[in-house]
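Enquirer:
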Amino acid sequence: MSSGKKVWSAALLATAMLAVTAACGSGSGGESADGKIKLRFSYWGSAARQQMTEEAIKKFEAKNPNIDVEGEFSDFAAYYESLSTKVAASDAPDVITLEIRGLREYADRGTLADLASSVNTGDIDPKVLATGAIDGKQFAIPTGVNAFSLVVSPTELEAAGQKLPDDTKWTWDDYVNLASKISEKSGGKIYGTQQSFNPAYLQIFAAQKGEPFYNGNKIGVSPETIKEWWTTHQNLIKTKGSPDAAKTAEIGAQSVDQSLLATGTGAMGMWWSNQLGGIAKKSGKDVDLLRMPKLPGATTGGMFLQPAMFYTASSKSEHAAEAAKFIDFMINDPEVGGIILSDRGLPASSKVLAAVKDKLPPTDKKVLDFLDKVKGELADPPAAPPKGASAMEDILTRYSEEVLFGKMTPDDAAQKFITEANASIAG
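Numbering (mature numbering (1 follows the signal peptide of the UniProt record, and there is no 0)), first residue to last: -22 to -1, 1 to 405.
(1) According to the Cβ coordinates, are Ala301 and Leu17 closer than 9 Å?
(2) Do the segment 327 to 339 and the segment 30 to 45 meet, that is, are 3 or more Cβ pairs less than 8 Å apart?
(3) Select from Gly100, Val97, Thr210, Met270 the residue whose C-alpha is nearest the C-alpha of Ala178.
(4) If you scan the segment 262 to 339 from start to end, which runs of the alpha helix (DSSP H) of 4 or more residues do you find wholly inside it?
(5) Which residues in the same chain as Ala391 place their Cβ atom closer than 7 Å to its Cβ, once the five residues preceding and following it in sequence are excluded?
(6) Do Leu214 and Val129 count as a contact pair if the criterion is CB distance below 9 Å?
(7) Given a cut-off of 9 Å, decide if Asp46 and Ile15 are closer than it, judged by their beta-carbon atoms.
(8) Going by alpha carbons, who is nearest to Thr243 out of Val314, Asn155, Ile168, Ala299?
(9) Give the single residue among Ser320, Lys329, Phe126 whose Cα lies nearest to the Cα of Lys343.
(10) Grab the span of the beta strand (DSSP E) containing Asp358 for me, first residue to last.
(11) Nearest CA to the CA of Ala100: which residue from Gln28, Met370, Ser327, Thr341?
(12) Measure from the alpha carbon of Ala70 to the alpha carbon of each residue in Tyr57, Arg79, Ile78, then state which is nearest.
(13) What does a CB cutoff of less than 6 Å around Thr134 pick up in its chain, not counting 5 residues either side in sequence?
(14) Is the number of C-beta pairs between the segment 351 to 361 and the segment 281 to 297 that are closer than 8 Å three or more?
(15) Would DSSP call Gly170 helix, strand or coil?
(16) Can you tell me whether Met248 is helix, strand or coil according to DSSP?
(17) Excluding the five sequence neighbours on either side, which residues of its own chain have a C-beta within less than 8 Å of the C-beta of Gln140, listed in chain order?
(18) Helix, strand or coil: how does DSSP classify Lys14 here?
(19) Less than 6 Å between C-beta atoms, sequence neighbours within five positions excluded: which residues of the same chain meet that for Thr341?
(20) Going by the DSSP bridge assignment, what does Ala125 pair with across the sheet?
(21) Taking the C-alpha atoms as reference points, what is the distance between Tyr289 and Lys216?
(22) In terms of residue numbering, what span does the alpha helix (DSSP H) encompassing Leu135 cover?
(23) Assign Gly262 to buried or exposed, taking buried as 16 or more other Cβ atoms, counted over all protein chains shown, within 10 Å of its Cβ.
(24) Pick out the complete alpha helix (DSSP H) segments inside the segment 31 to 115, 4 residues or longer, and give them in chain order.
(25) I'd like to know whether the C-beta atoms of Gly198 and Gly323 end up nearer to each other than 9 Å.
(26) Under a three-way DSSP split, which group does Pro120 fall into?
(27) CA-CA distance, Asn195 and Pro43?
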C-alpha cells in the first residue's frame, strides 16, 4: 500500500540496463570515521514513520555501540527509483525494505542474502514467513501483516441518514447504492466513496468468482471478470456515489493523506488495514474497517492476509552478520515493537504483538480486533508474485481510466490489459 507506483516500470527497466554495465563489488557498509561499523538501511514512508524508525535505530545503537545505522529515507514515490539506481551501481544499502510485489525481482537478480539461519523467525506464523521465501531461500522477513479492506466513517454515514452495512452479507450492488445515497444526502459535499484500482481489489473480486490473480507467469483473471469489476466502478460514477473519471484520476495520483476520507470529503474507501491509523489521524474522525462486499452466491470473500513489507539484506554487504542482527532486532525486540506499533503492519512476531497489544492506540486496536474477527475467512498469504508484477498497478490503473473516460470499450481494454500484463510477467 502506497502511492507512487508509476515510477516502477521505468525504474526497473533502468536497473536492468544499468546492471549490465555495473561494476562488481559493493558500496554498502564500511566504517564510520570513529572506526564503528556503518550499516545503511533504506525505507520509505511518512514523517511519522521516519521519526519512529530513528528512535528504533537509537535503541539498536545503544545496545550495539560498535554499529552506526544510517537511515536512507524517502517518500514512496521516489523510493524504488533511487533503490534501483543504487543496486544497479553495486551500491545497495545493507538492509533494504521491500514490498512483496518487488521481492522476486530483487531476489532473482542476486541482490538479496538468504537470512534463514541468521534471523530468529520462530515467533512468526509459518504461512506469513513463507511469503518471504523464494526457491527455498528466506530472502525476506515480514515486518507485520495487514489486509486490503473497506474503510468507513460511521460519522459520515450517520450524517447522511445511513446505517453501517452488515458486512457479512452485503453485495457490490449494496455498496454502490450506499455510496450514492451518501452523496445525494450530503448535497454533493461528501462523496459516498472513491475508486480504487489496487490489484488487491481485483484479486479479491476475482477470488469471489474462483479465479486467481496470477496463474504461474500469466494473469489468471478472465476478461469477463475484469469487465464485471469495471462495471462496479462505472456504476459508482453513474450514480454519483464516487467522483467522476477526471476527479478520480486526480485523486488516484495522490497519497492516502489526500484521500477523500482523510480530507473529510468522502465516507468510504479501500486501503490496507495498517493505513487506518493514518486516515483517522488525518481526518480527525472515527473510522472503522469492514469486510469487502461480495458477489451474490460467492463461497469466499476473497480477502487475504499479506505482509505490509519486508526487511531484506544485500547479498554484497560487507557486514552481513551486523545487517542480520539489525533485522532481527527490528523484528523481535519488544521495545522496538512499542515504538513502531502497527505502522509496518501488526507485528509479525507473536511475542512482540503480545508485548505491545495493550499499548496500541485505539485505531490500531480496531485493526487487531478486525483481523482477529475475520481471520477464519482470510485466504493464506500469497506467494511472491512473478517478476514484472511491480508494474501491475500502473497497468491496471491505466486501462481502468481508459474505460472510465470512455476512451476504450471494456472488451477492448480487458483484452489489452491481459496482453500487456502477461508480457510484463512473462520473464
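Cβ atoms here follow ideal geometry from the backbone N, Cα and C, with glycine treated the same way.
Treat the numbers as computed from the prediction; the structure is a model and nothing was measured.
Expert: Walking through what the data contain:
(1) yes
(2) no
(3) Met270
(4) 298 to 310, 312 to 318, 328 to 334
(5) Tyr377, Glu380, Val381
(6) no
(7) yes
(8) Ile168
(9) Ser320
(10) It is not in any beta strand (DSSP E) - Asp358 carries neither H nor E in the DSSP assignment.
(11) Before going further, note that residue 100 is Gly rather than Ala in the sequence given. Of Gln28, Met370, Ser327, Thr341, the residue nearest in Cα terms is Ser327.
(12) Tyr57
(13) Rather than Thr, the amino acid found at residue 134 in this sequence is Glu. Ile168, Ala245.
(14) yes
(15) coil
(16) strand
(17) Leu156, Lys159, Ile160, Lys163
(18) coil
(19) Leu254, Gly255, Ala258
(20) Leu283
(21) 43 Å
(22) 132 to 137
(23) exposed
(24) 54 to 66, 78 to 86, 104 to 107
(25) no
(26) strand
(27) 46 Å
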